[in-house]
Amino acid sequence: MAMTFGIWQDAYVQQQVVHGPRSVTGIIGTTMNGVMYLSMPFLSTNMEHGKWAERRKAVALAGTCLACASFFLSSLSTEVWHLVVLQGLLAALGNAMLYVPTTLWLDEWFKDTNRATAYGIQFSIKNIVGTSCPFLMQGMLEHLGFRTALRVWAGIALITSLLGLFLIPSLSPDTRRRPTTVAWSFLRHRTFYIYAIANVLFSSGYGLPQTYLPSYASQVVHLSPTLSSLTLVMFNAPGILSCTGFGLLSDRKIVSASTNTLISAGGSAICVLCFWAIKSNTVPTLLIIFSLGYGFFASGYSSTWGGWIEDLEAEAAQNNEAINSGMLYGFMNGARGIGYVAGGLGGVGLLKPVLLNDYWALGTKYGGVMVFTGITSALGGWGILWNGCKGVRRRAQT
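In the working numbering, the protein residues as written are 6 to 403.
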């Protein structure tokens, strides 16, 4: 649901099915992403060690039930804060309880080779859902209404999640070699904080287009509900390729981890500032180019994490330190969660024009969102600048 929340958010505003400030509905999607990712460091740390490592499938089942129950109960909501609690908090926690065990299994299966590509394929599947579901959800909302649509979605999520858990092998070749102690040495390495800060900055803007793109398309560009939903399809579809592609760039060592990140972050910033923020309010073609371009570059950002983890593993090996890649991946998700929450809370305040007239898209009420997203996208690639400065210092010392 998080990948297509913009459609639900538009329905909450247009159908006026709950009481409360309409602007608050924009917080639900980013809060959902934020809570889901913020809980991952805690969940991954506990399920990587000790007794909880053997109870991953039970945790995943409990998370599935919690998320689906929250979706069902949210169909009974009468106030905006009901949706914030049920979807933004409880459903998000349930999603995390399902996601973390599957990610840890994936990390164990691909610990020695093609890990970044495996992560990329996993993210690609997320984009497949984001590409295929907008029309399904738009159709349900139009023909069934908000409440029945949520109940149907709860049933779909329950059936597909249980089927997926049944098919996933929970035992991996590394099961007997799981560490019994938590390795915290990575917290002493500056590289971890370089990538974590970049992740927070990029993620604070990444969730905003997903939330506001359908509303922007319908309210500013005056597209039909179907075409407004199509913007999310175009946003998610390119990520099917780019997530795997950026993972391959990391695994094949074609570029360094920081350069790979810069390509994703820089491409995202260019798409925002050159296409969305210019004349997309009057030239729909620019909105299409933005959706496709930003979807391609921004969706691939998470797939660069595999290269980050390899950099940290190399530093740990040089210092003869233990490191746990599964737990480290959870902390990367936690950094993304901080960004989502910060962007979500600030997103409502950003709904204001930055120009005096709407000749440019920056003059619409979404102008602040555009500027913020463009700047945070660019800052998400700052790791390459740090590495460049380190290289200059090394050459100066020699």
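Backbone N, C-alpha and C define an ideal beta-carbon position, used for all residues, glycine too. Quantities reported herein were computed from a predicted structural model and do not represent experimental measurements.
Residue j beta carbon less than 9 Å from that of residue i
i: Cys-450; j: Phe-128; result: The chain is shown from 6 up to 403; residue 450 falls before or after that span and cannot be answered.
i: Leu-384; j: Ala-242; result: no
i: Val-29; j: Val-85; result: yes
i: Ser-296; j: Leu-237; result: yes
i: Leu-109; j: Arg-61; result: yes
i: Val-152; j: Leu-81; result: The sequence as given places Arg at residue 152; Val does not occur at that position. Closer than 9 Å, so yes.
i: Gly-344; j: Ala-282; result: no
i: Phe-76; j: Met-37; result: no
i: Met-142; j: Trp-310; result: no
i: Gly-312; j: Ala-274; result: no
i: Met-337; j: Ala-121; result: no
i: Gly-125; j: Gly-34; result: no
i: Ser-190; j: Ile-328; result: yes
i: Tyr-217; j: Gly-352; result: yes
i: Ala-72; j: Leu-98; result: yes
i: Gly-244; j: Asn-132; result: yes
i: Trp-387; j: Ile-173; result: no
i: Glu-415; j: Thr-196; result: No answer is possible for residue 415: it lies beyond the span of the chain, which begins at 6 and ends at 403.
i: Tyr-299; j: Asp-112; result: no
i: Gly-339; j: Pro-46; result: yes
i: Gly-31; j: Leu-356; result: yes
i: Ser-264; j: Ala-162; result: Note that residue 264 corresponds to Thr in the displayed sequence, not to Ser. No, they are not a contact pair.
i: Ala-154; j: Leu-146; result: yes
i: Leu-292; j: Ala-188; result: no
i: Phe-240; j: Gln-215; result: yes
i: Gly-150; j: Gln-323; result: no
i: Gly-39; j: Gly-342; result: yes
Expected contact under 8 Å - CB spacing of residue i and residue j to nearest Å
i: Pro-219; j: Asp-15; result: 5 Å
i: Ala-437; j: Met-102; result: Nothing can be reported for residue 437, as the shown portion of the chain is limited to 6 through 403.
i: Ser-49; j: Gly-331; result: 6 Å
i: Phe-251; j: Thr-381; result: About 19 Å; that fails the 8 Å criterion.
i: Phe-140; j: Ser-234; result: 6 Å
i: Leu-317; j: His-227; result: Incorrect: roughly 48 Å between the Cβ atoms, too far for contact.
i: Leu-78; j: Leu-91; result: 6 Å
i: Leu-360; j: Gly-368; result: 4 Å
i: Thr-83; j: Val-23; result: 6 Å
Residues bridged to residue i [DSSP beta-bridge criterion]
i: His-24; result: Glu-84
Note down, one range per segment and in chain order, each alpha helix (DSSP H) of at least 4 residues found wholly within the region 92–168. For the region 92–168, the full-length alpha helix (DSSP H) segments reaching 4 residues or more read 97–114 along the chain.
Threshold first: 4 residues or longer. Then list the alpha helix (DSSP H) segments lying entirely within the region 205–272, N to C. Counting only runs of 4 or more, we get 230–256.
So, does the region 204–217 touch the region 340–355, judging by three or more C-beta pairs under 8 Å? Touching, per the Cβ criterion.
Run through the region 274–345 for me and flag every whole alpha helix (DSSP H) of 4 or more residues, listed as ranges in chain order. If we require 4 residues or more, the alpha helix (DSSP H) runs fully inside the region 274–345 come out as 289–304, 310–323.
Tell me, please, whether the region 253–268 touches the region 372–381 by the rule of three or more beta-carbon pairs shorter than 8 Å. Output reads no: the region 372–381 does not touch the region 253–268.
Quick one: which unbroken alpha helix (DSSP H) runs of 4-plus residues sit fully inside the region 338–385? Chain order, please. Taken in chain order, the complete alpha helix (DSSP H) segments of 4 or more residues contained in the region 338–385 are 372–384.
Inter-stretch contact at 8 Å, needing at least 3 Cβ pairs: the region 299–314 / the region 268–284: A contact is defined here as three or more CB-CB pairs under 8 Å, and the region 299–314 meets this definition with respect to the region 268–284.
Length-filtered (4 minimum) alpha helix (DSSP H) runs lying within the region 29–76: Listed in chain order, they are 30–43, 45–53.
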